[in-house]
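> Protein chains in written order, with the numbering used here: chain A, 1 to 305; chain B, 306 to 548.
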């Protein structure tokens, strides 16, 4: 392969992985923006999404819908919906009673929710890897010098489509505007007649649904799922959210894509290679925390009394 | 002018162990402008926060059109038509002027009606129309106050509560804002006005109450209060320079 071909290939790979990071990062960022919580359970929500997608998909495979993509899309939507509901329930049961408690309490609660989720799935699956059978072919084709598979193209398009829909929702709808307003000033939102708890619930629904979508897509992409699959992508997505500027949605998407690209290109650096991929990401995070802690799109925020 | 729209009965509000309001009683009648006066820390802002339920009362009752709203959620009080413009305007600085106004009518489901109300606010405050795409934070202090009032009008309130709308504004702007409050009142909205600038407030109001350390120490017609030397000295005290 020529250098140009390698570049193109890594660009595509980076965008694809980055879009997964971005989808998960959005959930971290939205929740942080609205209730200032680092939702540790978010990575497990992503994992849960993959498993719900797997169950739905096996059902569709049995009922012989015929078209592999149709089954995947339906599984994706079912998983997004159910996991969205799960996110709202977690918010209602675990986080809402903690909203007025000190910040540390809710953070510990989030850790507990995370452990509860992954231990539950671990027990249910006996800690085994589960194959994610999609029935898709792996035939590749070329666009110029770029080698692609149908799966990868569809996944990338789907991820970008989801981000686009989210962006429209947040910038155009009244609920989206209320979300942004709450992250700016919660008390004043109440004086506008905004039911803050309801908007927080919607935020959890949307963030969890997007993580579930990423989970299902990861299942389709890697072909297996397991109870611990959320761990690394959780860290990466969190890194992406911080790099982009936590609490800022376009930042989460941008951070995700950027991190994906960086990792993908880092595998090409001589003597570093893919084994060092994670080290590279977190070194990048540390550099950001030192030199631009507010992230790319973030601004310095003065603490209000 | 006879129907009571808003009433407080023996309302006590505290922050932890500290009493901010020690059993206050007052009434606002439909169509009136009533002003609450007093020095810093007298409990004026707390009174408004108690009515809008941001800081719920620890004892007593808040009645709106005869209905007990003491322990209702802030957002449902807004839906009933009682709107509170907080001190310091509190506009959303990182949202555009138009988005700020749209959020004012959050409870409204009808988009055409929302647009109509925005146009109405633009009629009252033409400067907001010129700047509707700008971030709220780029507006001047006076414009931000106009935006805060405009945003409150988006709900078509029955009672408009304003907390120090003249704070930090140049005298000429204070006049403009006061004129607009009068205009809003003429269109049928009842106004409860908290002010440090007592002279400006009393010129506008029908009646006034004077608060001191969480208690009402004086009340009466604005025309009477404005002539009361002791009030002017004690609470309206910023008139030291000769007229």
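We put the CB at the ideal spot given by N, CA and C, even for glycine. Keep in mind that this is a model prediction, so the values were computed, not measured.
1) Can you find the residues in the same chain that come closer than 6 Å, C-beta to C-beta, to residue 548 of chain B, ignoring five residues on each side of it along the sequence?
2) Among all the DSSP beta bridges, which residues are the ones paired with residue 140 of chain A?
3) Is it true that the segment 193–202 of chain A meets the segment 174–181 of chain A, where meeting means three or more beta-carbon pairs spaced less than 8 Å apart?
4) Does the pairing of the segment 162–172 of chain A with the segment 143–151 of chain A give three or more beta-carbon distances under 8 Å?
5) Mind reading off the beta-carbon distance from residue 450 of chain B to residue 431 of chain B? Whole number of angstroms is fine, and I expect it under 8 Å.
6) On the DSSP bridge list, what partners appear for residue 369 of chain B?
7) Would you say residue 391 of chain B faces chain A, with C-beta separation under 8 Å as the test?
8) Got a sec? Which residues, its chain only, sit under 8 Å from residue 268 of chain A by beta carbon, not counting five neighbours each side?
9) At a Cβ threshold of 8 Å, is residue 380 of chain B touching chain A?
10) Express the C-alpha separation of residue 75 of chain A and residue 2 of chain A in angstroms, rounding to a whole number.
11) What residue range is occupied by the uninterrupted beta strand (DSSP E) comprising residue 335 of chain B?
12) Given a cut-off of 8 Å, decide if residue 460 of chain B and residue 409 of chain B are closer than it, judged by their beta-carbon atoms.
13) Contact between the segment 509–528 of chain B and the segment 343–362 of chain B: three or more CB pairs below 8 Å?
14) If you follow the alpha helix (DSSP H) that residue 30 of chain A is part of, which residue opens it and which one closes it?
15) Report buried or exposed for residue 400 of chain B, applying the criterion of at least 16 other Cβ atoms within 10 angstroms of its Cβ.
16) Can you tell me where the beta strand (DSSP E) with residue 525 of chain B in it begins and where it stops?
17) With contact counted as at least three CB pairs below 8 Å, one residue from each stretch, are the segment 221–235 of chain A and the segment 119–131 of chain A in contact?
18) Considering only the alpha carbon of each residue, which of A/90, A/291, A/244 lies closest to residue 18 of chain A?
19) Between the C-alpha atoms of residue 41 of chain A and residue 195 of chain A, what's the straight-line distance to the nearest angstrom?
20) The segment 178–205 of chain A: which residues have C-beta closer than 8 Å to a C-beta of chain B, in chain order?
21) Please list, in chain order, the residues of the segment 354–368 of chain B that have any C-beta partner in chain A closer than 7 Å.
22) Taking the C-alpha atoms as reference points, what is the distance between residue 477 of chain B and residue 341 of chain B?
23) For chain B, is any of its Cβ atoms less than 8 Å away from the one on residue 163 of chain A?
24) Taking the continuous alpha helix (DSSP H) assigned at residue 80 of chain A, which residues delimit it?
25) To the nearest angstrom, how far is it from the Cα of residue 192 of chain A to the Cα of residue 324 of chain B?
26) In three-state terms, what does DSSP make of residue 188 of chain A?
27) Below 8 Å on the Cβ atoms is my contact criterion, and I expect residue 353 of chain B with residue 389 of chain B to pass it. Report the Cβ-Cβ distance as a whole number of Å.
28) Where DSSP assigns a beta bridge to residue 462 of chain B, which residues make up the other side?
29) Rounded to a whole number of angstroms, what is the C-alpha to C-alpha distance between residue 306 of chain A and residue 240 of chain A?
30) Can you list, in chain order, the residues of the segment 23–35 of chain A whose Cβ is nearer than 8 Å to any Cβ on chain B?
31) Specify the secondary structure class of residue 390 of chain B as computed by DSSP and reduced to three states.
32) Give the residues of chain A in contact with residue 351 of chain B, contact being defined as C-beta atoms less than 8 Å apart.
33) By Cβ distance, which residues of its chain are closer than 6 Å to residue 544 of chain B, with the 5 residues on each side in sequence left out?
34) Determine the burial state of residue 305 of chain A: buried for a count of at least 16 other Cβ atoms within 10 Å of its Cβ, exposed for fewer.
35) Relative to chain B, which residues along the segment 214–235 of chain A have a C-beta separation below 9 Å, given in chain order?
36) Where does residue 175 of chain A sit, in a helix, a strand or coil, going by DSSP?
Taking the geometry as given:
1) Confidence is the limiting factor: at residue 548 of chain B the pLDDT is only 42, short of 50, which leaves the residue's position unreliable, though a coordinate-based value still follows. Excluding residues up to 5 positions away in sequence, nothing lies with its Cβ nearer than 6 Å to the Cβ of residue 548 of chain B in the same chain.
2) Residue 140 of chain A pairs with A/149.
3) The segment 193–202 of chain A, when compared against the segment 174–181 of chain A, does touch it at the 8 Å Cβ threshold.
4) The segment 162–172 of chain A makes no contact with the segment 143–151 of chain A: fewer than 3 CB pairs, one atom from each, lie closer than 8 Å.
5) No, residue 450 of chain B and residue 431 of chain B are not in contact; Cβ-Cβ is about 15 Å, not under 8 Å.
6) Its beta-bridge partners are B/311, B/372.
7) Output row for residue 391 of chain B: interface = yes.
8) Hits under 8 Å: 6, 10.
9) Yes, contact with chain A.
10) In this model, residue 2 of chain A and residue 75 of chain A are separated by some 39 Å (Cα to Cα).
11) From DSSP, residue 335 of chain B is part of no beta strand (DSSP E); its letter is neither H nor E.
12) Taking the C-beta atoms as reference points, residue 460 of chain B is found nearer than 8 Å to residue 409 of chain B.
13) Yes, since at least three Cβ pairs between the segment 509–528 of chain B and the segment 343–362 of chain B fall closer than 8 Å, the two stretches touch.
14) Residue 30 of chain A -> alpha helix (DSSP H) spans 3–35.
15) Residue environment for residue 400 of chain B: buried (at least 16 other C-beta atoms within 10 angstroms of its C-beta).
16) Annotation for residue 525 of chain B: the continuous beta strand (DSSP E) segment containing it runs 520–526.
17) Counting Cβ pairs under 8 Å, three or more are found: they touch.
18) Here the closest residue by C-alpha is A/244.
19) Those two C-alpha atoms are separated by around 25 Å.
20) Cβ contacts with chain B: 178, 180, 181, 184, 185, 187, 188, 189, 190, 191, 192, 193, 194, 195, 196.
21) Within the segment 354–368 of chain B, the residues whose Cβ lies closer than 7 Å to some Cβ of chain A are 357, 359, listed in chain order.
22) Pairing residue 477 of chain B with residue 341 of chain B, the inter-Cα distance amounts to about 22 Å.
23) For residue 163 of chain A, the answer is no, since every Cβ of chain B falls outside 8 Å of its Cβ.
24) Its alpha helix (DSSP H) spans residues 68–90.
25) Near 27 Å, if we compare the C-alpha coordinates of residue 324 of chain B and residue 192 of chain A.
26) Looking at residue 188 of chain A - three-state DSSP - the assignment turns out to be helix.
27) Indeed they touch by this definition, with Cβ atoms about 5 Å apart.
28) The bridge partners DSSP lists for residue 462 of chain B come to none.
29) For residue 306 of chain A there is no data in the structure shown, the boundaries of chain A being 1 and 305.
30) Shown here is that no member of the segment 23–35 of chain A has a Cβ falling below 8 Å from a Cβ of chain B.
31) When DSSP states are grouped into helix, strand and coil, residue 390 of chain B belongs to the strand group.
32) Under a criterion of Cβ atoms nearer than 8 Å, no residue of chain A is adjacent to residue 351 of chain B; the nearest Cβ is some 14 Å distant.
33) Annotation note: pLDDT 46 at residue 544 of chain B (below 50); position unreliable, coordinate value reported separately. So the list is empty, once near-sequence residues are dropped.
34) Per-residue confidence for residue 305 of chain A stands at a pLDDT of 33, beneath the threshold of 50, marking its modelled position as unreliable; no derived number is given.
35) Sequence-ordered contacts of the segment 214–235 of chain A with chain B are nonexistent [C-beta pairs closer than 9 Å].
36) Residue state for residue 175 of chain A is assigned as helix, using DSSP reduced to three classes.
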